[in-house]
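Using UniProt numbering, read the sequence shown as starting at 1 and increasing by one per residue.
Ideal Cβ positions, reconstructed from N, Cα and C, are used throughout, including at glycine.
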Amino acid sequence: MRVSKWQATEACRQRSPKKWAILLLSCALGAATINLLSYYSLPSLLMSISDCMTILFNGGSGTLPIPSPWDDAGHDRNASYWLEEFHGTLATMQSVFWNGSYWPTTIQWIGAVMDTLLAAADRSFIDALECSRNASDSVTAALQASEIKKYFHEIEAYYGNEDVIQIFDAAYDDAQWVVLEWLEAIKFINQYDDYVQSSLGQADVARFAHRAHIFYNIVQDQFDTSLCGGGITWNPALATYKNAITNELFLASSIAMYLFYPGDPLSDPYPSPAYANATNTTLPDLPALAAHDPLLLRNAIEEYQWFKTHNFTNAQGQIVDGFHISDNQTTCNERNEMVYTYNQGVLLSGLRGLWDATGKKSYLDDGHAFISTTINATGWNDRSSVAHHWAGLGRNGIMEDYCDAPANCSQDNLIFKGIYFHHLHLFCELLPTRTPLVAGLTELASAELATSHSRKCASYLPWIEHNAHAALATRDDSGIIGGWWGASYANKTQEAWPTWAPQKPHGSTDLRNEPWRIEYEERTVAAKSLSTQDLKEAYFAIYDNTFLDVVGSNPTAEAVLSRRYKFAHEAPVYVPEQDAVYFTSNVLRDKDKHNPHIEITKASRRADGTWTCEKVDTDVSMGNGAINYCHQILFCAQGTKMHPGGIVVMDTKPPYKTKTLVDGYHGRLFNSVNDIVTHTDGSIWFTDPTYGFEQDFREKPKLPNQVYRFDPETGDIRVVADGFGMPNGLCFSPDEQTMYITDTDAVHPLASEIFDPTR
């Protein structure tokens with residue numbers, strides 16, 4: 001699909017020049033202070049402003065919407081101002097956080113969103129070139145074709161550096177961000193080439209389309225009517241959760257594929273040539289999918305019909321996060337009342353696409369209703385005396401997520417507001433009245449409908465500008481934009497203000513900022529009988545056949561629980577009276593590169609033989625090794641830069657109280673305590689390597705890599721062995737006269753002879 005030269009010219013004629021605030025906000029809104037995402041979300045908002053300004057004159061009035069009580073006469077409403085702010089924000093985003101290949105501090109799905117926004121920004125710069133005859137010299141210079149090409153070459157670079165292996169095996173929502181990413185890049189290529197009559201990037205269209213095809217294929221047939229009557233679950237490796245974002249993305253990605261996907265003749269199913277070797281997985285051929293395949297439109301229509309009839313909105317009309325399913329149920333009967341900003345926006349681009357494909361006005365009506373609900377939920381229309389109160393999605397007319405004021409957003413949540421404004425931007429593009437978006441496929445709007453849509457979108461402009469000014473006001477001395485845009489209205493800074501945190505909705509679980517609450521998939525897998533050779537290859541390396549005295553002559557293995565995230569599970573401790581196993585999961589930047597953490601989980605066996613998991617909410621700091629101890633559990637707490645580690649004893653019943661037994665050696669804090677055993681004399685033996693410092697969650701070590709003996713009765717602590725590269729696991733011989741220690745730096749076992757275990 002190509003945008004015709006005439007369409008671009010028509011858009012320019014109808015375009016007031018203030019497109020740039022919504023673009024700015026979708027690139028830099030939603031960010032935390034001193035975080036690259038601040039620059040990624042704000043440009044989307046600035047794009048939204050400029051796009052709204054584009055359509056102000058579409059209805060023929062030539063006037064701005066009626067000013068709201070929030071309008072500030074001192075704020076600059078000049079087109080050049082917004083364009084320059086947008087361009088500067090985007091330039092900072094790339095010059096500061098882009099390393100020439102990717103954004104190194106983002107997680108994978110956010111990288112896909114960043115790339116989407118970069119392509120959308122380039123599309124908007126093309127629009128501005130069409131309309132730049134009256135622009136200032138500085139604005140014109142910023143929009144030279146060389147600048148557009150520079151950003152496009154960065155999109156090309158990211159194609160080769162995107163971590164597609166990781167994201168291919170991630171959740172269903174993650175895959176669809178990649179679909180939208182490369183469709184947006186294709187849209188830019190076609191729009192740019194039509195404008196300048198060039199072939200820039202045409203060689204990339206096929207490979208971009210192939211990647212979109214591969215990732216859409218992950219979800220193409222996942223609409224499941226057996227549970228909840230339809231919809232797609234969030235993550236197939238977890239308990240069923242029909243959440244809003246996955247299903248809004250299925251609407252948006254399906255209709256975008258129908259409109260913009262050019263077809264793909266390739267059957268190679270692998271996201272990367274390295275995938276098969278990296279994962280030891282063989283995939284079937286990629287099914288053929290033609291451009292404008294009716295299946296894609298059917299998927300979009302079916303998805304929205306299901307979504308609209310399944311009670312995804314609360315009493316205020318806001319979209320809640322999703323539905324769990326109770327045991328032995330097939331209906332969506334456990335609604336998670338949590339509200340996030342991005343859930344209010346992603347379906348907007350899908351609804352706009354459905355109008356393009358079908359011409360049904362009801363899709364536009366629904367979109368405008370969702371937008372009005374969101375604006376109202378920021379307090380925009382409230383009386384000044386109560387506008388500072390939480391209104392559901394903000395206060396003082398400024399959009400806000402629940403985690404913004406207390407500054408406890410995960411990296412996921414940091415970009416949510418930017419995602420909202422990007423999809424608002426797509427929804428509010430002009431309706432075509434003369435030339436269809438895709439010849440022979442899409443619809444034209446009547447002059448009356450086009451005018452009505454434009455006027456409604458124009459009415460959102462004061463609110464968008466209000467948010468853009470608020471966001472820009474949070475910039476620090478380095479120009480970094482904060483995450484809580486409304487801070488200045490509360491006379492606050494971008495520090496954490498927990499007392500300003502709004503109360504979360506009753507019946508809500510904040511899965512985006514409290515990932516430990518994500519449920520494991522509870523499933524029992526039939527035991528698989530294994531030969532000795534199979535067991536050796538799959539589970540153990542057997543060097544002595546006497547090991548069969550432990551596992552039996554015909555051992556079996558049974559996977560009772562699984563989780564698709566790549567954790568390093570360790571330190572299982574079985575508590576007989578609970579028929580439960582406690583273990584630690586070494587997450588370490590699996591989901592957030594700036595927030596390493598380790599979970600402690602309790603896996604319990606039900607009477608029917610199935611298993612369930614719960615996250616143990618305790619204050620063991622970066623727990624690692626563990627062992628039974630006097631009807632409690634001893635944990636090795638590695639510690640963080642803010643909290644010391646040590647040996648911690650934890651109760652096995654809620655509220656899982658803890659007590660630190662020892663945290664250092666003669667005044668110097670331990671490095672990052674790793675593994676632990678106990679002696680029959682009551683003493684506790686443990687290793688203390690420097691992994692925490694190497695992995696950047698502990699301060700520089702003050703002690704060598706050593707093994708310690710601690711007597712909890714007397715408080716005496718001694719070094720019993722040193723000279724290790726990285727002392728790790730340890731155990732006693734049956735007679736407790738020898739301790740075996742694995743040195744994972746040297747990668748071979750050592751034996752430390754201990755003739756007197758009390759020395």
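Exposed unless 16 or more other CB atoms sit within 10 angstroms - verdict on residue i
i: A580; result: buried
i: D268; result: exposed
i: K456; result: buried
i: V550; result: exposed
i: C731; result: exposed
i: K653; result: exposed
i: R698; result: buried
i: E248; result: buried
i: N277; result: exposed
i: residue 762; result: No answer is possible for residue 762: the residues shown for the chain start at 1 and end at 759.
i: G263; result: exposed
i: D401; result: buried
i: T246; result: buried
i: M642; result: exposed
i: E713; result: exposed
i: Y708; result: buried
Beta-carbon proximity list for residue i, same chain, < 6 angstroms, skipping 5 on both sides
i: E181; result: A112, D115 and T116
i: V616; result: I600, K602 and Y656
i: F724; result: N705 and D743
i: A407; result: A496
i: Y691; result: S672
i: D174; result: W109 and I167
i: E614; result: K602
Cβ shell of residue i (< 7 angstroms), same chain only, five flanking positions each side left out
i: T680; result: E736
i: Q202; result: I189 and D193
i: A387; result: G379, R395, N396 and G397
i: Y216; result: V179, S253 and M257
Cα-Cα separation, residue i to residue j
i: I103; j: E154; result: Reading off the sequence shown, one finds Trp at residue 103, where the question assumed Ile. Each residue's Cα considered, the two are about 11 angstroms apart.
i: A626; j: L259; result: 55 angstroms
i: W234; j: L297; result: 21 angstroms
i: F733; j: Y740; result: One detail in the question is off: residue 733 reads as Ser in this sequence, not Phe. Looking at the two C-alpha atoms, the distance is approximately 7 angstroms.
i: A274; j: T281; result: 11 angstroms
i: E303; j: S672; result: 49 angstroms
i: S219; j: Q176; result: According to the sequence shown, residue 219 is Val rather than Ser. Spanning the two alpha carbons is a distance of roughly 8 angstroms.
i: A121; j: S604; result: 50 angstroms
i: F710; j: V620; result: 19 angstroms
i: F416; j: K360; result: 29 angstroms
i: Q108; j: G715; result: 47 angstroms
i: A31; j: S446; result: Residue confidence for A31 is low, a pLDDT of 27 falling below 50, so the modelled location carries little weight; the figure read from the coordinates is stated next. Computed Cα separation, rounded: 40 angstroms.
i: I126; j: V346; result: 24 angstroms
i: D366; j: R475; result: 35 angstroms
i: Y340; j: K702; result: 43 angstroms
i: D510; j: R207; result: 37 angstroms
i: R352; j: M399; result: 22 angstroms
i: E429; j: C409; result: 31 angstroms
i: T499; j: M338; result: 19 angstroms
i: residue 791; j: Y665; result: No statement about residue 791 is possible, as the shown extent of the chain runs from 1 to 759 and does not include it.
i: K308; j: C403; result: 27 angstroms
Beta-ladder partner(s) of residue i, from DSSP
i: W484; result: W484 pairs with nothing; no bridge assigned.
i: Q706; result: D688
i: T581; result: The sequence given here has Val at residue 581, not Thr. Paired residues: Y574 and A603.
i: K615; result: T601
i: P727; result: D743
i: I627; result: L634
i: V662; result: I647
i: T678; result: I684
i: G418; result: None, per the DSSP bridge assignment.
i: I717; result: F710
i: H569; result: S585
i: F732; result: M739
i: R668; result: Y665
Chain-order list of residues whose beta-carbon lies under 8 angstroms from that of residue i (same chain, five-residue window excluded)
i: N624; result: E570, A571, T584, N586, I598, F635, C636, A637, Q638, S672, V673, N674 and D675
i: S678; result: Reading off the sequence, residue 678 comes out as Thr, not Ser. Result list for T678: I627, Y629, L634, I684 and W685, in chain order.
Any chance you could list the beta strand (DSSP E) runs of at least 3 consecutive residues sitting entirely within the region 218-293, in chain order?
-> Counting whole runs of 3 or more residues, the region 218-293 contains the beta strand (DSSP E) stretches 241-243.
Where are the beta strand (DSSP E) runs, 3 residues long or more, that stay fully inside the region 314-375, in chain order?
-> Listed in chain order, they are 320-324 and 334-339.
What are the complete alpha helix (DSSP H) segments, minimum 4 residues, inside the region 381-456?
-> DSSP runs (the alpha helix (DSSP H)) wholly in the region 381-456: 411-414 and 416-427.
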